[in-house]
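Trainee: Dumping the structure here so I can ask a few things about it.
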Amino acid sequence: MVLKVLIVDDNPGARALVRSCLEGLEGIEVVAEAASGEEALVQAGAHVPDVVILDVDMPDMGGIEVARHLNELLPSVYLVFVTAYPEYALEAFEVYSYDYIVKPIDEDRVRKTLLRIKQRARAEDREINELVRVLNRPNRLSIKNGHEIVFIEVEKIVCMEKDKKKTVIYTVDNKYYTNEPLTSIERRLNNQSFFRSHKSYVINLQMIERIIPWTNGTYLVKFRYTNNDALLSRAQAKVLPEVF
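The sequence shown begins at 12 in my numbering and counts up by one.
See the structure below:
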């Protein structure tokens with residue numbers, strides 16, 4: 012697994028120093044930086060980091076307040092404070108900070124903290140994967156969504172889409188992201204109602220509203236209860252009458 016890191020500090024030099032501390036650490040990637048509390052929340056929503064390294068003292072919103080919002084937005088996020096203010100340590104741990112590092116930055120301390128987080132996250136990942144396997148039921152799909160396990164009623168699944176390295180599961184009232192491959196979820200479902208319509212899509216046959224000719228011999232599949240579409244390839248269109 013790769014730990015995604017967001018660095019938050021209004022001082023560009025401090026952000027650059029933290030970033031340099033993490034260079035060369037395998038399985039750790041800085042996905043974004045933010046120069047303010049407000050920007051940190053925007054970037055956290057966009058990138059869903061596993062770890063946020065942040066300062067306490069920032070002009071628009073203090074780091075402690077940012078941490079409170081992050082705990083609501085990303086309940087499983089690891090928070091690491093890197094700051095020049097030792098007096099806020101107690102407040103930091105009250106918002107579930109994993110570590111509190113006082114400037115000047117000790118590069119070795121930062122690296123060791125991130126490596127400990129990676130080790131802990133990897134162990135949690137293994138435990139969650141095992142729970143997903145054990146808790147799966149014929150009428151209920153269990154998936155890992157970040158560091159959480161989500162249970163989805165199979166009959167509410169409209170379609171599933173491969174989106175880069177993730178799988179998106181669309182239901183009648185929500186959508187869920189998981190790192191589990193589309194093929195793996197299809198195999199776990201083992202349900203005749205689901206059909207591999209395209210290399211990037213698995214669809215629920217019971218949810219189809221209509222099928223429209225599209226481009227290059229493919230078709231567009233429209234569903235009930237949702238505006239999401241799926242593709243039906245030319246080859247799979249020939250197979251569809253046999254299962255539908």
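The beta carbon of each residue, even a glycine, is placed where N, CA and C say it ideally should be.
State buried or exposed for Val169, treating a residue as buried only when at least 16 other CB atoms are found within 10 Å of its CB.
Mentor: Position 158 of the sequence shown, counted from the start, is the residue given in the question as residue 169. So Val169 counts as buried.
Trainee: Does the count of Cβ pairs from the region 172-185 and the region 113-129 closer than 8 Å reach three?
Mentor: Verdict: no, contact absent.
Trainee: Within 10 Å of its beta-carbon, does Pro60 have 16 or more other beta-carbons around it, so buried, or fewer, so exposed?
Mentor: As a position in the sequence shown, residue 60 is number 49, starting the count at 1. Answer is buried; the Cβ neighbour count reaches 16.
Trainee: Going along the chain, which unbroken runs of the beta strand (DSSP E) with 3 or more residues stay wholly within the region 79-118?
Mentor: Counting only runs of 3 or more, we get 89-94, 108-113.
Trainee: Between the region 41-49 and the region 12-21, do at least 3 Cβ pairs fall closer than 8 Å?
Mentor: The answer is yes - the region 12-21 touches the region 41-49, with three or more Cβ pairs under 8 Å.
Trainee: Beta-carbon separation of Ser204 and Leu216 under 8 Å?
Mentor: As a first step, residue 204 must be located in the sequence shown, where it is residue number 193. As a first step, residue 216 must be located in the sequence shown, where it is residue number 205. Going by C-beta atoms, Ser204 is nearer than 8 Å to Leu216.
Trainee: Which word fits Tyr212, buried or exposed, when buried means at least 16 other C-beta atoms lie within 10 angstroms of its C-beta?
Mentor: Your numbering for residue 212 matches position 201 in the sequence shown. When all chains shown are included, Tyr212 counts as buried.
Trainee: Under 8 Å between the Cβ atoms of Arg144 and Met12?
Mentor: Within the sequence shown, the letter at position 133 stands for residue 144. Within the sequence shown, the letter at position 1 stands for residue 12. No, Cβ-Cβ distance for Arg144 and Met12 is not below 8 Å.
Trainee: Pull up the DSSP beta-bridge partners for Leu243, would you.
Mentor: Against the sequence shown, residue 243 aligns to sequence position 232. Beta-bridge pairing links Leu243 to Tyr230.
Trainee: Identify the continuous beta strand (DSSP E) that holds Val42 and give its terminal residues.
Mentor: Walking along the sequence shown from the start, residue 42 turns up at place 31. It spans 39-45 - the beta strand (DSSP E) in which Val42 sits, taken as one unbroken run.
Trainee: Between which two residues does the alpha helix (DSSP H) holding Thr194 run?
Mentor: The residue given as residue 194 occupies position 183 in the sequence shown. Taken as a continuous stretch (DSSP letters only), the alpha helix (DSSP H) holding Thr194 covers 193-200.
Trainee: Might you give, ordered along the chain, the residues of its own chain that have their beta carbon closer than 8 Å to the beta carbon of His58, omitting 5 neighbours on each side?
Mentor: Start at 1 with the first residue of the sequence shown, and residue 58 comes out as number 47. The answer, listed in chain order, is Lys15, Leu17, Val42, Ala43.
Trainee: What first and last residue would you give for the alpha helix (DSSP H) that runs through Arg26?
Mentor: Against the sequence shown, residue 26 aligns to sequence position 15. First-last of the alpha helix (DSSP H) with Arg26: 23-33.
Trainee: Using beta-carbon positions only, say whether Thr94 and Gly74 come within less than 8 Å of one another.
Mentor: Here residue 94 is taken as the residue at index 83 of the sequence shown, counted from 1. Here residue 74 is taken as the residue at index 63 of the sequence shown, counted from 1. Cβ atoms of Thr94 and Gly74: closer than 8 Å.
Trainee: Hey, how far is the Cα of Ile163 from the Cα of Thr189?
Mentor: Taking the sequence shown and counting its residues from 1, the one referred to as residue 163 is at position 152. Taking the sequence shown and counting its residues from 1, the one referred to as residue 189 is at position 178. Rounded to the nearest angstrom, the two C-alpha atoms are 12 Å apart.
Trainee: Taking its Cβ as the centre, do 16 or more other Cβ atoms sit within 10 Å of Tyr236, making it buried, or is it exposed?
Mentor: To locate residue 236, count along the sequence shown from 1; it is residue 225. Exposed, by the Cβ-count rule.
Trainee: Using only the alpha-carbon positions, how far apart do Tyr89 and Val63 sit?
Mentor: Indexing the sequence shown from 1 puts residue 89 at position 78. Indexing the sequence shown from 1 puts residue 63 at position 52. Cα to Cα, the separation comes out at about 6 Å.
Trainee: Curious, which full-length beta strand (DSSP E) runs of at least 3 residues does the region 46-74 contain?
Mentor: For the region 46-74, whole beta strand (DSSP E) runs of length 3 or above, ordered along the chain, are 62-65.
Trainee: In chain order, what residues of the same chain lie with their CB nearer than 8 Å to the CB of Glu40, ignoring the 5 residues before and after it?
Mentor: The residue labelled residue 40 in the question sits at position 29 within the sequence shown. Only Val13, Leu14, Lys15, Val16 meet the Cβ criterion.
Trainee: Can you tell me whether DSSP reads Asp136 as helix, strand or coil?
Mentor: Taking the first residue of the sequence shown as position 1, residue 136 is located at position 125. Of the three classes helix, strand and coil, the one that applies to Asp136 here is helix, per DSSP.
Trainee: Considering only DSSP beta bridges, list what Ile180 is partnered with.
Mentor: The residue given as residue 180 occupies position 169 in the sequence shown. DSSP, once it has assigned bridges, lists Met171, Tyr187 as partnering Ile180.
Trainee: Does the Cβ of Asp66 have 16 or more other Cβ atoms within 10 Å, making it buried, or fewer, making it exposed?
Mentor: Looking up residue 66 in the sequence shown gives position 55. The residue in question, Asp66, is buried, as its Cβ has 16 or more Cβ neighbours within 10 Å.
Trainee: DSSP on Lys123, reduced to helix/strand/coil?
Mentor: Within the sequence shown, numbered from 1, the residue matching residue 123 stands at position 112. Helix, per DSSP.
Trainee: Helix, strand or coil for Lys235, going by three-state DSSP, please let me know.
Mentor: By one-based count along the sequence shown, residue 235 stands at place 224. Rather than Lys, the amino acid found at residue 235 in this sequence is Arg. Residue state, collapsed to three classes: coil.
Trainee: Who pairs with Leu152 in a beta bridge, going by DSSP?
Mentor: The residue labelled residue 152 in the question sits at position 141 within the sequence shown. In DSSP, Leu152 forms a bridge with Ile163.
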